[in-house]
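Read in order, the letters of the sequence shown are residues 1 to 362 in the numbering used here.
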Amino acid sequence: MASERYRCSACGGDLVYQPGQTALTCPYCGSSQGITAPTETIRELDFRAVLASAGAGQATLERQETTCSGCGARVTLRTGVQADRCPYCATHLSVEVQSRRHLQPRGLLAFAIPRPQAQQAFQRWLRSRWFAPGSLRRLAGWEHALQGVYVPYWTYDSHTVTAYTGQRGDDYWTTETYTTHVNGKAVQRTRSVRRTRWHAVSGVVDNRFDDTLVLATRSLPYALAEQLEPWNLKALVPYDEGYLQGFRVESYGVDLEAGFGIAANRMRPEIAQTVRRDIGGDHQRLGNLDVDYREITYKHILLPIWVSSYRHRDKPYRIMVNAVTGEVQGERPYSLVKILLAVLAGVAAATGLFLLATRAAG
Ligand SMILES: [Zn+2]
Ligand SMILES: [Zn+2]
Numbered sequence: 001m002a003s004e005r006y007r008c009s010a011c012g013g014d015l016v017y018q019p020g021q022t023a024l025t026c027p028y029c030g031s032s033q034g035i036t037a038p039t040e041t042i043r044e045l046d047f048r049a050v051l052a053s054a055g056a057g058q059a060t061l062e063r064q065e066t067t068c069s070g071c072g073a074r075v076t077l078r079t080g081v082q083a084d085r086c087p088y089c090a091t092h093l094s095v096e097v098q099s100r101r102h103l104q105p106r107g108l109l110a111f112a113i114p115r116p117q118a119q120q121a122f123q124r125w126l127r128s129r130w131f132a133p134g135s136l137r138r139l140a141g142w143e144h145a146l147q148g149v150y151v152p153y154w155t156y157d158s159h160t161v162t163a164y165t166g167q168r169g170d171d172y173w174t175t176e177t178y179t180t181h182v183n184g185k186a187v188q189r190t191r192s193v194r195r196t197r198w199h200a201v202s203g204v205v206d207n208r209f210d211d212t213l214v215l216a217t218r219s220l221p222y223a224l225a226e227q228l229e230p231w232n233l234k235a236l237v238p239y240d241e242g243y244l245q246g247f248r249v250e251s252y253g254v255d256l257e258a259g260f261g262i263a264a265n266r267m268r269p270e271i272a273q274t275v276r277r278d279i280g281g282d283h284q285r286l287g288n289l290d291v292d293y294r295e296i297t298y299k300h301i302l303l304p305i306w307v308s309s310y311r312h313r314d315k316p317y318r319i320m321v322n323a324v325t326g327e328v329q330g331e332r333p334y335s336l337v338k339i340l341l342a343v344l345a346g347v348a349a350a351t352g353l354f355l356l357a358t359r360a361a362g
């Protein structure tokens, strides 16, 4: 699968990218070859213009990939393997590949954390998890448990102008008279009561968003991927295939337009926050927010994640390691047997204490 460019000049083996370095090495004879870092800068592209032209004139590339029948991910196969598993859902992948054309990524963060280090992070994470099934523990001990995947993302910039309506609430105190009974006699007392006066407001606020990140696959759990953030997007390097050698690449399953819909949702809380500040007062109620997204630009990028997938009672679970920061996030099943044993042990201990106590008392 590797093109001529990524063959070892000494022995013809497929070169692989070494995490944390700017070189490819040959796993067979050990020779290495540097990646000549491209000097171009990563440009933001105009979102609406690219959509309007249906991507015409944009850099595209062709990839040989297979579609997972379990989760729909479109991934490249590992070089030279006869049987392969989906890194996201552990389904056996068909080795039949199709050639597909995609918008070319503009930038990427290369793998910085090598496999053994990611593996240790995975094991540390698992040790702090109670009641994990034995099969998950065995997985964490397997040296090929983690697969290195370049996961597709979009990032969007936008200047938003939001016209809003709403209500501003200002608190004030009033003195209220009430009747109470003291020694059976009715007496009049006063107390301070807080009230809120509401009035209608409207206005316009501006927000500027830089690199709002959107996961461009539906095969990984969104919430989990979000927890792998932050990524240092200032450290993106221009796209170079050299960094991909020896790793899998997934193609985007969320397209440019759908991706912006997700980005807009991520921008929403910050816009609402700005509106609340603009309204001021002690309380705010938001009415209609009419957001105009201006100057939308985007980048298509790849981010490096070590992924392990695991099936338990026919459900997939994923453990992911951010291959730049080493942060681990995962889903895990609970072993019912282990929980039950722990409960029984607790009951046994309590019964034992009870028996001791009654014996001591008797
Ligand atoms: Zn070689
Ligand atoms: Zn899958």
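Using N, Cα and C, we set each Cβ at its ideal position, and we do this for glycine too.
The beta carbon of Tyr252 sits no closer than 6 Å to any heavy atom of ligand 1.
With a cut-off of 8 Å on Cβ pairs, the stretch 239-257 is in contact with the stretch 101-111, counting three or more such pairs. Distances from the CB of Thr60 to the heavy atoms of ligand 2 are all 6 Å or more. A distance criterion of 6 Å places the beta-carbon of Tyr222 beyond contact range of ligand 2, judged by its closest non-hydrogen atom. For Asp206, the beta-bridge partners assigned by DSSP are Val161. Between Leu51 and Glu257, the C-beta spacing is below 7 Å. Per DSSP, Leu236 lies in no alpha helix (DSSP H) and is assigned neither H nor E.
Three or more beta-carbon pairs separated by less than 8 Å link the stretch 304-315 to the stretch 147-155, which places the two stretches in contact. Note on geometry: alpha-carbon atoms of Asp84 and Thr155 lie some 31 Å from one another. Taking 6 Å as the cut-off, one finds no heavy atom of ligand 2 near enough to the beta carbon of Gly261.
Taking each of Arg195, His300, Val275 and Trp173 in turn and checking the Cα distance to Arg43, the smallest one comes out for His300. Of the heavy atoms belonging to ligand 2, at least one sits nearer than 6 Å to the Cβ of Ala73.
Residue ranges of uninterrupted beta strand (DSSP E) with 3 or more members, entirely inside the stretch 54-137 and ordered along the chain, are 60-67 and 98-103. Put simply, the stretch 60-79 touches the stretch 218-227. At least three CB pairs are less than 8 Å apart.
Those residues having their beta-carbon less than 6 Å away from any non-hydrogen atom of ligand 1 are, in chain order, Cys8, Ala10, Cys11, Gly13, Cys26, Tyr28, Cys29 and Ser31. Looking at the DSSP output, Tyr293 shares a beta bridge with Thr160. For Thr325, the Cβ stays outside the 6 Å cut-off from all heavy atoms of ligand 2.
For the pair Thr60 and Ala163, the Cα-to-Cα distance works out to about 38 Å. In the DSSP annotation of this structure, the continuous segment of the beta strand (DSSP E) that includes Ala23 starts and ends at Ala23 to Thr25. According to the DSSP assignment, Val254 belongs to no beta strand (DSSP E), since it is labelled neither H nor E.
Inter-residue distance for Gly203 and Phe209 is about 20 Å (C-alpha atoms, whole angstroms).
Inclusion of Cys68 and Thr36 in the CB contact set at 7 Å is not warranted, their separation being larger than that value. Following the DSSP letters along the chain, one finds Gln227 inside the alpha helix (DSSP H) bounded by residues Tyr222 to Gln227.
Nearest in C-alpha terms to His102, of all of Asp171, Ser94, Ala54 and Arg191, is Ala54.
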